[in-house]
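Protein chains in written order, with my numbering: chain B, 1 to 204; chain P, 1001 to 1572.
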Amino acid sequence: MSRILDWALTAMLFESALIMGGGAIAAEDIEQKAQLCATCHGADGVPINKTTPVIWGQDEGYIYLQLRDFQKGTRKNALMEPIVAQLERQDMYDLAAYFTKKKWPNLGQPSAASEVAVKADSAASSIGCRGCHLEHFQGDGTTARLAGQWQEYLLSQMLAFRDGSRGNNPGMSDLMKATPEDDFEPLSKYLAGLQIDQYLGHGR
Amino acid sequence: MGSCRTAATIFGALALSLAGSTLALAGAETETVATTMTREAPVPSVTQDMLSGAATDTKNNLHTNLNYEQTRYYQGKQINKSNVSGLRPAWIFQTEVKESLETTPIVVDGVMYVTTSFNHVYAIDAKTGEQFWHYKHKMGPVTTYCCGPNNRGVAIHNDKVYMGTLDAKLVALDAKTGSLIWETQIADPELGYSETMAPTAVDGKILIGTNGGEYGIRGFVRAYDAETGKQVWNFHTTPEDSTGVWATHDATGKDMHRDIAAEKAALKKLGDPYKTLGGGVWQNPAVDLENKRIYFVVGNPSPDLDGSIRPGDNLYTDSLVSVDLETGKYVCHFQYIAHDVWDLDSVSPPILVDVKDKDGKTVPGVIHAGKSGNVYVHNRDDCSLIRFSEAMVDQTGMWTLPTPEGAKMLPGANGGVEWSVMAVNPDLNLTYAVNLHQPMTYHVESSPYPGGKLWLGGAFKVIPDSEQFGNVTAVDYNTGKIKWQKKTPLPMMGGALATAGGLVFTGEGDGWFRAYDAENGDVLWSFHAGAGVNAPPAAYAVDGKEYIVVGAGGNTQIDFKRGNNIIAFTAD
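Right under this line is the structure:
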């Protein structure tokens, strides 16, 4: 997205954010308020571009913490910051509860080739990715689902953790710094290509 | 068979920062928690006398580690060396949750209680495997845990069973119906607190610690009133002066290469780090009923690998600690590794057993197996160290300091002995420990406290393509010598059960569950469970017939094959 478009979108979202803010969201308003999120994250759960994350079906605690961190300024994003500025804590919980109940969209990304999967698995085992993101990379609680996320977004975030530009999880930054750079591409392809619907719904 | 649903109402699960508050249920509403009940569990009230006498009770298994001393020594002899080869499944119960399984079944008069990842509880018939009821905890949205959505089981007292939850609550359920009676918010999960340990019930109190050593918490052990859920006492595992004695060597005399001058300068600049110093306690305490003391081990300092921002010995992390059962007041401690920067902390639950002191005199002792790969033997009176065992694993390079690029050292950060529970055979003076060999590099990277986020201060990284394996080791706690050791193909995590039948049971990550000859380690029986056997076994009897029971659900932390089976075995 060009910088001009970026600014235009920011301005529009900021204006909309004024509507969103100023008090906890009533239950009946949540659908309406979520329309603002749909501007970028997609009316059908498929984001408008591949560097915007899927939030439909994302883990509830994770969505809440990201909204909180955008507001606190520990996670930087020019588009998100004005949107969350006026949110109260309960608003963030409500939005997280709303989006986590939605069905994760199938982005149609291909399964990783076997040699890519082997390299990715070795990298994931080495730093213990599944220890937090769980067996199928479905995440849980405040840990993100990675399976089926946009490959471009996953790659960008791993690199952002690594170089510190995403600074709201030092633990992730440390793990990414301990990971060889040529592991990121296979990891992101492998994770993006995972289809895990069959494994969901038997935990919390 | 018909089923019905019983319901209890609770306040909204989104309640924030309710540290120490109890949610009474009468008259409350907004959310519904449901227990699926097939039929009422015919369980008697569990008295303190029953709990106190558990060591010789071969019918029931009333404690996660079999008795207050935590010996995990079952005195039944019906299943023994002569007939263990005929051990076969009596029944298999499958839970709804196919995820890491670390529960120890609790058995009372033919009723068994097991838990799963994500805080499900099942009451099942210990003779047939049929379900009485199933409770599914209504989990709050915010959970912070490092190593899997684990739970290690319930405690039982009178007519209730108790469980800690991933969203840092303590819940009390009706043992007969599974209905929620009360729940207490122990701490704020948004700050990194969670519960995975089974609580301990004693003298009307429910004892529980906390997870969170990877999140910059301030650790504690607490007692709650078993009837009301109100807090009785609290012991912070990181005192306001956590600096200690500036120890330069570990408990075994190895130089830890500390830069004391730099630490003292950091202390002057940063102050005492106790508020975010970690020190989780996530395994059961041993209870000395006679002296009214409990003994527990305290986990790693936060952040795990970066000592530069937490100067001092970081008391009481990586320590054995004793406090008064009635008041929670400090009694004594012994620190194994001061200012740990390797996460080689103290997790495996301590065991109370009589031991020989340095003069050969029999004294009340406490033993603990460290992630370092040593078994430590203490005097119970003052926590002092009597001896430590031969190393059960390769300790090459110990204690090489972590570097930004990564420094290789053994053991890896999972141990040695992880949380895996030991078992004791007091007739043989042997304790049985299961170990890991996982070569890792230790990386350090400094970052400020991130407020309840993963805070490792670096990374521990398994070296790709390095050989990994495990072992089962018998250690004579009166000499510190290894009596026997058996290598296993995979690193070991879970724990052991010893029996008066001369056996030791323990499971492996590839699905094998085995019985060893307690005297020499010969494998006498094996069964493949289809998923990682990474839960501690237990034993019990119904209608005069003995059973061995174990969970086979794999493990999240070291990624062993998941499953959802509870399997009970008999020998006829």
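Built from N, CA and C at the ideal position, the CB exists for glycine as well.
**OP:** Quick one: give me the first and last residue of the alpha helix (DSSP H) that Gln32 of chain B is part of.
**Re:** 30 to 41
Subject >> Endpoints, alpha helix (DSSP H) assigned at Pro170 of chain B >> reply: 170 to 177
Original post:
Among all the DSSP beta bridges, which residues are the ones paired with Gln1131 of chain P?
Top reply: P:Ile1124
Original post:
Would you call the CB atoms of Thr1165 of chain P and Asn1211 of chain P closer than 8 angstroms?
Top reply: no
Original post:
Is there contact here, the region 1257 to 1272 of chain P with the region 1410 to 1426 of chain P, by at least three beta-carbon pairs under 8 angstroms?
Top reply: no
Subject >> CB contact check: Ile30 of chain B to chain P, cutoff 8 angstroms >> reply: no
Original post:
Are the C-beta atoms of Glu135 of chain B and some chain P residue less than 8 angstroms apart?
Top reply: yes
**OP:** Grab me the residues of Ala1054 of chain P's own chain with a C-beta within less than 6 angstroms of its C-beta, minus the 5 sequence neighbours each way, in chain order.
**Re:** Leu1062, His1063, Asn1067
Original post:
Can you find a CB in chain B that lies within less than 8 angstroms of the CB of Pro1450 of chain P?
Top reply: yes
Original post:
Hey, which unbroken runs of the alpha helix (DSSP H) at 4 residues or more fall wholly within the region 1394 to 1467 of chain P?
Top reply: none
**OP:** State the DSSP-derived secondary structure class of Thr100 of chain B, mapped to helix, strand or coil.
**Re:** Three-state result, Thr100 of chain B: helix.
Subject >> Counted within 10 angstroms of its Cβ, other Cβ atoms place Ser1384 of chain P as buried (16 or more) or exposed >> reply: exposed
Original post:
Cβ of Leu5 of chain B less than 8 angstroms from any chain P Cβ?
Top reply: Reliability fails at Leu5 of chain B, whose pLDDT of 47 lies under 50, so the model's placement of it is uncertain and no value is given.
Subject >> Buried versus exposed, by CB contacts within 10 Å (16 or more), Gly1253 of chain P >> reply: exposed
Original post:
Beta carbon of Gly1148 of chain P, beta carbon of Ser1117 of chain P: below 8 angstroms?
Top reply: yes
Original post:
Rounded to the nearest angstrom, how far is the Cβ of Ile1386 of chain P from that of Lys1358 of chain P, given a contact under 8 angstroms?
Top reply: 6 angstroms
Original post:
Taking just the CA atoms, how far does Leu187 of chain B sit from Lys119 of chain B?
Top reply: 8 angstroms
Original post:
Residues of chain A with a CB under 7 angstroms from the CB of Arg204 of chain B: which are they?
Top reply: Included in the structure are the protein chains B and P, with no chain A among them.
Original post:
How about Asn169 of chain B: is its C-beta nearer than 8 angstroms to some C-beta of chain P?
Top reply: Output row for Asn169 of chain B: interface = yes.
Subject >> Three-state secondary structure assigned by DSSP to Gly1027 of chain P >> reply: Low local confidence applies: a pLDDT of 32 at Gly1027 of chain P is under 50, so the model's placement there is unreliable, and no value is given.
Original post:
What did DSSP end up calling Ile1567 of chain P once you bin it into helix, strand or coil?
Top reply: strand
Original post:
Between P:Asp1255, P:Thr1243, P:Leu1191, which lies nearest to Glu1263 of chain P when the distance is taken from Cα to Cα?
Top reply: A check of alpha carbon separations from Glu1263 of chain P across P:Asp1255, P:Thr1243, P:Leu1191 identifies P:Thr1243 as the nearest.
**OP:** Let me know if Glu1240 of chain P comes out buried or exposed under the rule of 16 or more other beta-carbons within 10 Å of its beta-carbon.
**Re:** Counting every other CB atom within 10 Å of its CB across the protein chains shown gives Glu1240 of chain P a total below 16, marking it as exposed.
**OP:** Assign His1257 of chain P to one of two classes, buried (16 or more other C-beta atoms within 10 Å of its C-beta) or exposed (fewer than that).
**Re:** exposed
**OP:** Could you tell me the distance, in whole angstroms, from the CA atom of Glu1069 of chain P to the CA atom of Asn1564 of chain P?
**Re:** 29 angstroms
Original post:
Can you name the residues of chain P whose CB is closer than 9 angstroms to the CB of Lys177 of chain B?
Top reply: Pro1404, His1443, Glu1445, Gly1458, Ala1459
**OP:** Would you kindly report the start and end of the unbroken alpha helix (DSSP H) that includes Phe184 of chain B?
**Re:** DSSP places Phe184 of chain B in the uninterrupted alpha helix (DSSP H) bounded by 184 to 192.
Subject >> Other residues of its chain near Glu115 of chain B: CB distance less than 8 angstroms, five sequence neighbours each side excluded >> reply: Cβ-Cβ distances below 8 angstroms link Glu115 of chain B to nothing in the same chain once the five nearest sequence neighbours on each side are left out.
**OP:** Step through the CB atoms of chain P and report whether any lies within less than 8 angstroms of the CB of Met172 of chain B.
**Re:** yes
**OP:** Please specify which runs of the alpha helix (DSSP H), each continuous and at least 4 residues long, are wholly inside the region 1279 to 1322 of chain P, giving them in chain order.
**Re:** none
Original post:
How would you list, in chain order, the residues of chain P whose beta-carbon sits under 7 angstroms from the beta-carbon of Glu60 of chain B?
Top reply: Pro1141
Original post:
Over what stretch of residues does the beta strand (DSSP E) that includes Cys1332 of chain P continue unbroken?
Top reply: 1330 to 1335
**OP:** Could you round the C-beta distance between Leu1320 of chain P and His1333 of chain P to whole angstroms and report it? I think they count as a contact, below 8 angstroms.
**Re:** 6 angstroms
**OP:** For chain B, find out if any of its Cβ atoms is closer than 8 angstroms to the Cβ of Glu1096 of chain P; answer yes or no.
**Re:** yes
Subject >> Straight-line gap, Asn1300 of chain P to Thr1038 of chain P (C-alpha atoms, nearest Å) >> reply: 43 angstroms
Subject >> Gln1075 of chain P: contacting residues in chain B (beta-carbon distance under 7 angstroms) >> reply: Within chain B, no residue comes near Gln1075 of chain P; the closest Cβ sits about 37 angstroms away, beyond 7 angstroms.
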